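4 is the number of the first residue of the sequence shown in our numbering; add one for each residue after it.
The C-beta atom is built at its ideal place from N, Cα and C for all residues, glycine as well.
Just so it is clear, the structure is predicted and the values come from calculations on it, not from any experiment.
Working notes, structure below.
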Amino acid sequence: MVKVKNINKHFGKLHVLKGVSLDVDKGEVVTIIGPSGSGKSTLLRSINNLETVQNGIIEIEGNKIADEKNGKRIHISEKEIRENCKKVGMVFQNFNLFPHKTILDNIIEAPIIVNKEARNVVIKRAESLLQKVGLDSKADVYPFQLSGGQKQRVAIARALAMEPDIMLFDEPTSALDPELTGEVLSVIKELAKEDMTMVIVTHEMAFAREVSDRIVFMDEGEIIEDAAPDEFFNNPKHERVKGFLNKML
Numbered sequence: 004m005v006k007v008k009n010i011n012k013h014f015g016k017l018h019v020l021k022g023v024s025l026d027v028d029k030g031e032v033v034t035i036i037g038p039s040g041s042g043k044s045t046l047l048r049s050i051n052n053l054e055t056v057q058n059g060i061i062e063i064e065g066n067k068i069a070d071e072k073n074g075k076r077i078h079i080s081e082k083e084i085r086e087n088c089k090k091v092g093m094v095f096q097n098f099n100l101f102p103h104k105t106i107l108d109n110i111i112e113a114p115i116i117v118n119k120e121a122r123n124v125v126i127k128r129a130e131s132l133l134q135k136v137g138l139d140s141k142a143d144v145y146p147f148q149l150s151g152g153q154k155q156r157v158a159i160a161r162a163l164a165m166e167p168d169i170m171l172f173d174e175p176t177s178a179l180d181p182e183l184t185g186e187v188l189s190v191i192k193e194l195a196k197e198d199m200t201m202v203i204v205t206h207e208m209a210f211a212r213e214v215s216d217r218i219v220f221m222d223e224g225e226i227i228e229d230a231a232p233d234e235f236f237n238n239p240k241h242e243r244v245k246g247f248l249n250k251m252l
């Protein structure tokens, strides 16, 4: 579903991703953890073309959004990239809801404008998704009337409204109070049960252990460990991972 091969990303002189490679299979939940500034969010944003890598290959369901030959970047048109990214949904730390639109209008906007779908069809899907995330009574309210946890659940419903094959979550609970974190994580757990392909950046270690098929550890722009949860937490290979887990657990 996702294939990343030897990608590099620089912000000026800062080398943020250093030859990163990662494959994610259909129905797999891969969680990326590591210290702040290790490149986790940049990797996630590169998979969705929100960041453009300097070189390397990124494929979404076999379609390239970044390519190279003999170390040189190959041009792919913006139209082609946008089309190839349509099946990727993303949920950010800070919700990014439109404050002047109702919850229902927030959810239906992209399918109608981007995918040119019929309004009545999208409204039915949105109502079903609001029920799925436990907010069916909130369709006509505005974001300022919701808690942080509720806003994030709306953001998940909005991403799902585009009917993605792959979901990316960039620290979806980091802006929430601890008591609101659980309601968002439970929605993501339900998606995992439905075999949604997901890549999740999180600091929630217990959640990562429970929901993941694989855990990837990044440090200083590189993937230094990639293992099943039990192996990762009980028998980490890399000293950097051992040190990180000792602080976090």
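Through-space distance from residue j to residue i, alpha-carbon basis
i	j	result
L248	I63	31 Å
M208	I60	30 Å
E71	A113	31 Å
E242	I227	10 Å
M165	S49	19 Å
T45	G22	13 Å
I126	I111	6 Å
L183	S189	11 Å
I218	M199	16 Å
P38	V124	43 Å
G246	E186	30 Å
Beta carbon of residue i nearer than 8 Å to that of residue j
i	j	result
F98	K141	no
K29	I35	no
L107	D139	no
E54	K12	yes
S41	D222	yes
Q96	A178	yes
A158	L100	yes
D168	K90	yes
R122	I115	yes
L132	N51	no
Endpoints, the alpha helix (DSSP H) within which residue i is located
i	result
S131	R122 to K135
A209	M208 to V214
R244	The residue asked about is misnamed: residue 244 is Val in this sequence, not Arg. Its alpha helix (DSSP H) spans residues E242 to M251.
N237	P232 to N237
Residue i - partner residues in DSSP beta bridges
i	result
R217	V33
T200	I169
I10	V23
D229	V219
Delimiting residues of the beta strand (DSSP E) encompassing residue i
i	result
E223	It is not in any beta strand (DSSP E) - E223 carries neither H nor E in the DSSP assignment.
D26	L17 to V27
Segments of 3+ residues assigned as beta strand (DSSP E) that fall wholly inside the stretch 159 to 186: Taking only runs of at least 3 residues, the beta strand (DSSP E) segments lying wholly in the stretch 159 to 186 are 169 to 173.
Completely contained beta strand (DSSP E) runs for the stretch 37 to 114, where each covers 3 or more residues: Fully enclosed beta strand (DSSP E) runs of 3 or longer: 58 to 63, 66 to 72, 75 to 77 and 91 to 94.
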